[in-house]
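Just so you know, we're using our numbering here: the sequence shown kicks off at 1 and counts up by one.
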Amino acid sequence: MRTQDLYNARIIAEMNKYDVVIANILLYPLLDLAEAIVSYAKPGALVGISGIISEQVPCVVEHYSQFLEDITVSKMDDWACIRGTKERNQA
């Protein structure tokens, strides 16, 4: 098992990659941890990003587009959820 300390929260993760990875945190941690979040996903896996307000969507989509493809956005009131697929050529 591997242990990481991300924003003072201890996360223990197996070395395996996952079919679905979901992150529901605030904007700046989502941006700062983008590569780490996506690294837990298998190539071709679904990655869901939430905890952001609608006006932050363009920034998050632009940032995550370097890691994800087929990005879609769902909105409910002022909140948004971004979904994408980890690029198949990424480890």
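We put the beta carbon where it would ideally sit given N, CA and C, even for glycine.
Cβ-Cβ distance between T85 and L46 below 8 Å: Within the sequence shown, residue 85 is the residue found at index 85, counting from 1. Within the sequence shown, residue 46 is the residue found at index 46, counting from 1. With contacts defined as CB atoms closer than 8 Å, T85 and L46 qualify as a contacting pair.
Same chain, Cβ closer than 6 Å to V20, five either side skipped, listed in chain order: Here the question's residue 20 lines up with position 20 in the sequence shown. L46.
Span separating the alpha-carbon of D70 from that of I52: Here residue 70 refers to the residue found at position 70 of the sequence shown. Here residue 52 refers to the residue found at position 52 of the sequence shown. A direct Cα-Cα distance of roughly 19 Å separates D70 from I52.
Cβ neighbours of S54 in the same chain (closer than 6 Å, five flanking residues each side left out): Counted from its first residue, the sequence shown places residue 54 at position 54. K75, D78 and A80, listed in sequence order.
For D32, three-class secondary structure by DSSP: As a first step, residue 32 must be located in the sequence shown, where it is residue number 32. In the structure shown, D32 sits in a helix (DSSP, three-state: H, G or I).
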